[in-house]
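What follows is a short report on a single structure.
There are 2 protein chains.
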Amino acid sequence: MTFAEPSPTSCAGPAPRDCKHGRGNDCDDCKVRRFSVCGALEPAELEELDRLSQVRNFPARTMLFDQDAPADNVFNLTDGMVRLCKSLPDGRRQIVGFALPGDFLGLALMERYGVAAEAVTQVRVCRFARPAFLAYVDGKPHLLRRLHEFAGHELSLAQDQMLLLGRKTAEEKVAAFLLNLQTRYARVGAASVTIPLPMSRQDIADYLGLTIETVSRTLTKFAREKVIVIVPDGVRLLMIGRLDQSDAARSAVPF
Amino acid sequence: MTFAEPSPTSCAGPAPRDCKHGRGNDCDDCKVRRFSVCGALEPAELEELDRLSQVRNFPARTMLFDQDAPADNVFNLTDGMVRLCKSLPDGRRQIVGFALPGDFLGLALMERYGVAAEAVTQVRVCRFARPAFLAYVDGKPHLLRRLHEFAGHELSLAQDQMLLLGRKTAEEKVAAFLLNLQTRYARVGAASVTIPLPMSRQDIADYLGLTIETVSRTLTKFAREKVIVIVPDGVRLLMIGRLDQSDAARSAVPF
DNA sequence: AATATCCATTGACCTGGATCAATAATCGGC
DNA sequence: GCCGATTATTGATCCAGGTCAATGGATATT
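As they're listed, the protein sequences go chains A and B.
If you read the first sequence in my numbering, its first letter stands for residue 16, the second for the next number, and so on.
If you read the second sequence in my numbering, its first letter stands for residue 16, the second for the next number, and so on.
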């Protein structure tokens, strides 16, 4: 844990300008946008969600929860990056997603977590006890609706990833990965042609269904072709159109 | 279609014993279990859901809705099998799931369908107009909750499939496919060691991220090993344990 | 500064599954 | 029942990406 952790503090809503929660918290936490849920909440609801949540910090490379563990909590990521992993008993691993600020973890609301969540960087989350979260959320139709939309979006992303894993080439996979990450960073408000890649090559490989060597070779190839520049802890996109070509099918268009 | 089809008829709930919908419908439809939603509905709610839904039939190999089309309807499959496909412009295709009776289609509730839904067999569905469905469902917390759980379950299945697509061998993929199908048929009440495979080899290949030839060879191999018997339109499982071995990782367990 | 550890890159080679190419079943349509 | 069309099986060959191995570069430890 690098920075001081204020005792349980608010993370329920978009920052009220002059936020005082009456519990001695400053409100840096509130500056993080939580588009998924907190868009349309009433002040009273914010107060209540507030009471349900605790801020937690996790150092890089620690586990927020393990695959198949009882799903006691729901998390909203406010800072950092989390990887969601499924593993086979022999160690083969598939990363099913990288969570960025605003994303929910454990929202499937099943008995047990289907994936493990591991901090890629330092991570800050809002943690909700599941029963309290459920009890609160029940009877808030627009909130339920919001959560459902979030789940639907997740499902849609998962289906895109299935298409990628099942039918795309190594080059298309890496290109799609970079372009998606860029889009997501932009949505989090960190738009830039330089994409931070805090995760390891092994993580990228396990996300794309490739090996570390193939990821490395493909990135090198893109760099040779002047489509990207590899920088410390990231990549600078030079010719997005060119990357898109790798991503999209270069259709054969007969006759 | 095996049994007579009455004109537009109810499909909103688990069969009330002496079902009369007041619209001249007999209730064979209601015998189909819809565990996902209809488990805990009030009679009044059933009536209303009833009014919102229409029964539709689709012949085999027809499309219920197309990828990227406006998501005007929500469907509940009551009979038959539907494949959910995503395609790349050059024709590469990934089947992201096969729907069986009880499953919902278009529940992500987004503007447009992310996948195409195509009837594998003759299909019967309950169709809901999306706005009506949403309006009805809003303010029914337990129903929303149910739908959310369904979406969560879908997501979990999608993640399992990602692990399969990204990290399993052809043999493991085919074995997992057969075992999953068996489990699902059992849940639909059609338990048997003989698994119907109404979909084509190409469908199976596109579901597992393989080619038709590899699917065929792998099934032949299992048959040679006396783990399955290939029968017309299906497969009979002989040694489920053996299949499970192919499916699960045969862990190397060092020292 | 030297050493150990870990991770990424690069090269050489191999292989599981793809591709290409015949058959062989199966299914409609008469 | 016969014929053409579609789909499945089987075999021969190929190659994208995996495996194995060496090297380089970065970070941490003493």
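C-beta: ideal position from N, C-alpha, C; glycine also.
For A:Gln109, the nearest beta carbon of chain B is closer than 8 Å to its own beta carbon.
With distances taken between CA atoms, B:Arg76 lies nearest to B:Ser215 out of B:Arg107, B:Thr226, B:Ser215, B:Arg160. At the C-beta level, A:Leu196 and A:Ile210 come within 8 Å of one another. For the pair A:Phe80 and A:Ala134, the Cα-to-Cα distance works out to about 10 Å. Runs of the beta strand (DSSP E) lying entirely within the region 99-135 of chain B and spanning at least 3 residues, in chain order: 108-114, 131-134.
From the beta-carbon of A:Gln260, no residue of chain B is found nearer than 9 Å; the closest lies around 12 Å away. Judged by pairs of C-beta atoms under 8 Å, the region 135-150 of chain A does not touch the region 174-186 of chain B, as fewer than three such pairs exist.
For B:Leu178 against A:Lys101, the beta-carbon gap comes to about 5 Å, under 8 Å, which counts as contact. Between A:Arg199 and the set A:Val152, A:Gly112, A:Met78, A:Ala150, the nearest pair of CA atoms involves A:Gly112. Chain-order list of chain A residues neighbouring B:Ser171: Ala123, Met125, Gly129, by C-beta distance under 8 Å. Under DSSP, A:Ser231 shares a beta bridge with no residue. Per the C-alpha coordinates, the member of A:Thr235, A:Val152, A:Gln217 positioned closest to A:Val246 is A:Thr235.
B:Arg182: member of the alpha helix (DSSP H) spanning 156-182, first to last residue.
In the structure shown, A:Asp81 falls within a coil segment according to DSSP collapsed to helix, strand and coil. About 11 Å separates the CB atoms of B:Leu193 and B:Val230; that is not less than 8 Å, and the two are not in contact. For A:Arg216, the enclosing alpha helix (DSSP H) has its first and last residue at 216-223. Taking a beta-carbon distance threshold of 8 Å, A:Asp153 counts as an interface residue toward chain B. Excluding the 5 residues flanking it on each side, A:Ile227 has same chain C-beta neighbours closer than 6 Å at Arg216, Gln217, Ala220, in chain order.
Rounded to whole angstroms, the Cβ separation of A:Leu258 and A:Ala190 is 5 Å, and the two are in contact under 8 Å. Within chain B, not a single residue places a beta-carbon under 8 Å from that of A:Leu79; the smallest gap is close to 16 Å. Below the 8 Å Cβ cutoff, chain B contributes no neighbours of A:Gln197, its closest Cβ being approximately 20 Å away. In the structure shown, B:Ala144 falls within a strand segment according to DSSP collapsed to helix, strand and coil. When only Cα atoms are considered, A:Val152 and B:Ala147 end up about 23 Å apart.
When the alpha-carbon of B:Ser68 is set against those of B:Val208, B:Ser207, B:Pro85, B:Phe90, the nearest one is in B:Phe90. Taking CB atoms only, A:Glu240 has no neighbour in chain B less than 8 Å away. With a threshold of 16 other beta carbon atoms within 10 Å, B:Val208 falls short and is exposed. Our two residues, A:Arg160 and B:Val70, have alpha carbons roughly 26 Å apart in a direct line.
Contact between A:Asp175 and A:Arg127 fails: their C-beta atoms lie close to 25 Å from each other, not under 8 Å. Any Cβ of chain B closer than 8 Å to the Cβ of A:Gln174 would place that residue at the interface, and such an atom is present. Annotation for B:Ala114: Leu92, Met96, Val97, Arg98, Leu99, Leu120, Ala132 place their beta carbon closer than 8 Å to its own, counting only its chain and skipping 5 residues before and after.
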